[in-house]
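In UniProt numbering, the protein residues as written are 1 to 654.
Read the structure below first, then the notes.
Here it is, written out as structure tokens:
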């Protein structure tokens with residue numbers, strides 16, 4: 001098909017639209033570009049089955065993201081020509097960006113009427129508005145996780161969803177085209193000539209809006225850049241982005257597997273087609289066997305034609321490449337036993353041959369053969385039975401899929417690992433969100449009660465609620481510290497800086513803090529066997545070790561149980577023992593005990609993030625130390641931490 005000239009394309013555009021929009025003017029010198037631009041407009045915009053009013057409304061709203069006024073003025077005029085009041089046009093293009101709470105409400109409206117979404121042309125006004133703003137949310141790139149894309153696909157169905165995405169893509173393409181050709185003048189567009197005067201006459205504010213359009217766009221972009229987010233929201237978003245990235249990578253791997261499968265299906269289909277063509281050729285061209293052999297030799301799959309006794313009429317070069325045997329070598333040996341040394345494999349092949357004989361159908365199978373060099377190869381074989389030269393013959397095609405299976409296996413392994421990590425990340429996000437909200441709820445409720453009590457009751461009661469607030473805040477601080485610590489460890493930014501400290505006082509003070517936090521003097525029994533007053537360690541790494549181990553011991557032990565905490569220094573190392581009589585750790589969880597986000601399978605509803613022991617392991621490793629664990633389910637758990645000591649400047653009490 002010859003390429004049309006620009007004049008021919010222009011004539012078609014004028015015939016279809018009734019005028020030639022200035023939008024196409026820059027492409028006139030290049031017929032190929034003009035054809036491409038026109039076909040996109042025709043398929044994605046003009047003949048797109050989405051409702052015309054919906055397409056114009058979505059185009060007008062999204063035009064605010066184009067730095068030039070051409071698009072927004074043209075589509076505003078189009079809306080006016082479709083009967084939309086000028087005031088409604090202004091409200092649409094001035095509508096504020098959609099936030100998450102609003103988009104959830106709009107999606108809920110759509111989800112409540114799934115039967116009406118099959119025919120978008122008859123949508124009611126409320127559903128049309130919800131569909132518009134849901135589409136805006138997706139088009140503006142706010143759906144980082146892909147959740148709302150999937151929801152939209154589910155609600156609209158695959159066909160309508162694809163029409164929507166095609167239209168959004170076209171709108172963005174138009175913005176890029178207009179910004180790249182700033183000479184495009186909206187004043188020359190027929191839609192503007194016919195409607196602009198009446199539009200701004202009806203609502204003069206529109207004239208001011210269009211006049212200050214570029215300054216408004218610049219201001220909106222500047223305001224967007226100046227917005228800030230709170231630290232906690234940033235951390236959560238960062239984690240969600242990581243999870244989204246993993247989802248994208250997982251999806252990419254799944255797409256690769258699907259593409260590979262599709263390629264194989266096409267390959268099998270091609271092999272079947274080639275086999276049938278070969279069969280027809282054998283029947284029609286018996287006198288031209290040499291030509292047939294030449295055709296078979298050019299096929300890039302192994303081809304054999306054999307009788308039921310295994311004698312080969314055809315054994316092409318590709319088959320020799322796969323097996324390492326020539327046609328003569330194959331005919332002069334028991335080829336079945338050569339390719340399949342195992343008796344079980346031979347029986348399986350014979351069974352498949354008998355099935356082909358009995359049913360007279362093609363047979364597809366994946367099997368493993370042994371080549372002449374002794375290499376094992378995975379083969380996809382297709383066998384067809386037909387009558388040739390007064391006897392039954394087997395036409396078989398062979399495809400070496402060894403490398404493909406290796407690639408698929410690696411992809412599946414990578415996919416499994418990525419999915420496992422993604423599940424752990426998602427679990428962590430859910431847990432950390434829950435654990436952060438609980439203390440905040442406590443603070444909120446206690447504060448409200450405190451406000452009432454301070455005005456009506458005694459100072460003693462007020463102090464009680466103040467203490468609750470302090471404890472809740474401390475819990476939040478500990479959670480944030482854990483997240484920051486594990487983040488530094490992951491980024492290799494956590495270092496050990498030993499200083500001289502009084503180890504006994506450090507442990508004793510920490511014990512008192514934990515007792516006070518639990519409101520029990522018998523919560524922890526601290527015993528010091530050390531003879532050294534000062535040792536060189538990093539207290540910023542030592543405290544997270546003790547807090548997490550003591551906190552876990554108390555958390556997973558019965559109410560009223562006493563935790564044993566012992567400290568000793570001998571043989572140039574500090575030894576810390578923390579023992580409880582709690583629920584214990586199942587043996588199957590011990591090998592993942594220090595993995596981030598992992599929690600034992602028997603913790604039930606006891607809250608936790610799965611970060612504590614990972615933090616402990618990182619802090620111990622940075623000291624060059626070791627950690628040991630002894631545990632029995634239902635009996636209790638003992639952790640032993642060994643930290644090497646630097647005795648320079650240490651003072652011996654004796």
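Ideal placement from N, C-alpha and C gives every residue a C-beta, glycine not left out.
Residue 516 is classed as exposed because its beta carbon has fewer than 16 other beta carbons within 10 Å across all chains shown.
Counting along the chain, residue 145 sits inside no beta strand (DSSP E), nor does DSSP assign it H or E at all. Contact fails between the segment 75–87 and the segment 139–153, because fewer than three Cβ pairs, one in each stretch, are under 8 Å apart.
Here residue 591 is exposed. Its C-beta has fewer than 16 other C-beta atoms within 10 Å.
Shown here, residue 102 sits in a helix according to DSSP, grouped into three states. DSSP, reduced to helix, strand and coil, places residue 644 within a strand of the structure shown. Residue pairing from DSSP places residue 636 in a beta bridge opposite 632. Here the alpha carbons of residue 55 and residue 45 stand approximately 8 Å from one another. The Cβ atoms of residue 611 and residue 494 do not sit closer than 9 Å to each other.
With 16 or more other CB atoms across the displayed protein chains lying within 10 angstroms of its CB, residue 302 is buried. Excluding residues up to 5 positions away in sequence, nothing lies with its Cβ nearer than 8 Å to the Cβ of residue 354 in the same chain.
Contact check for residue 270 against residue 407 fails: the beta carbons are separated by 9 Å or more. Taking every protein chain shown into account, the CB of residue 625 has 16 or more other CB atoms within 10 angstroms, so this residue is buried.
If you draw a 10 Å sphere on the C-beta of residue 104, you find fewer than 16 other C-beta atoms in it, and that means exposed.
In the structure shown, residue 261 adopts helical secondary structure according to DSSP, grouped into three states. The continuous stretches of alpha helix (DSSP H) do not include residue 116, and DSSP gives it neither H nor E. Nearest C-alpha to residue 527 among 379, 245, 576 and 601: 576. With a cutoff of 9 Å on beta-carbon distance, residue 339 and residue 317 are scored as not near each other.
Within 10 angstroms of the beta-carbon of residue 372 lie fewer than 16 other beta-carbons, which makes it exposed. Residue 645 sits buried, since 16 or more C-beta atoms from the chains shown fall within 10 Å of its C-beta. Where residue 391 is concerned, the enclosing beta strand (DSSP E) starts and stops at 391–400.
Between residue 3 and residue 40 a beta carbon distance of about 16 Å is seen, past the 8 Å cut, so the two are scored as non-contacting. Contact annotation: residue 382 and residue 367 have beta-carbon atoms that are not nearer than 9 Å. Scanning 615, 11 and 176 for the CA closest to the CA of residue 492 turns up 615.
Among the bridge pairs identified by DSSP, residue 567 is matched with 528 and 576. Judged by DSSP secondary structure, residue 364 falls outside any alpha helix (DSSP H) and instead within the beta strand (DSSP E) spanning 363–370. Judged by DSSP secondary structure, residue 2 falls outside any alpha helix (DSSP H); it is assigned neither H nor E. The distance from the Cβ of residue 534 to that of residue 501 is about 7 Å, consistent with a contact at the 8 Å cut-off.
Under DSSP, residue 377 takes part in a beta bridge, and its partners are 369. In terms of CA proximity to residue 17, 42 leads the group 27, 346 and 42.
DSSP places residue 324 in the coil class of the three-state scheme, outside both helix and strand.
The DSSP-derived three-state label of residue 500 is strand. For residue 165, the closest C-alpha among the options 134, 359, 145 and 181 is that of 134. Note on geometry: alpha-carbon atoms of residue 573 and residue 538 lie some 14 Å from one another. For residue 189, the number of other beta carbons within 10 angstroms of its own is at least 16, and it is reported as buried. With 16 or more neighbouring CB atoms inside 10 Å of its own CB, residue 636 falls in the buried class.
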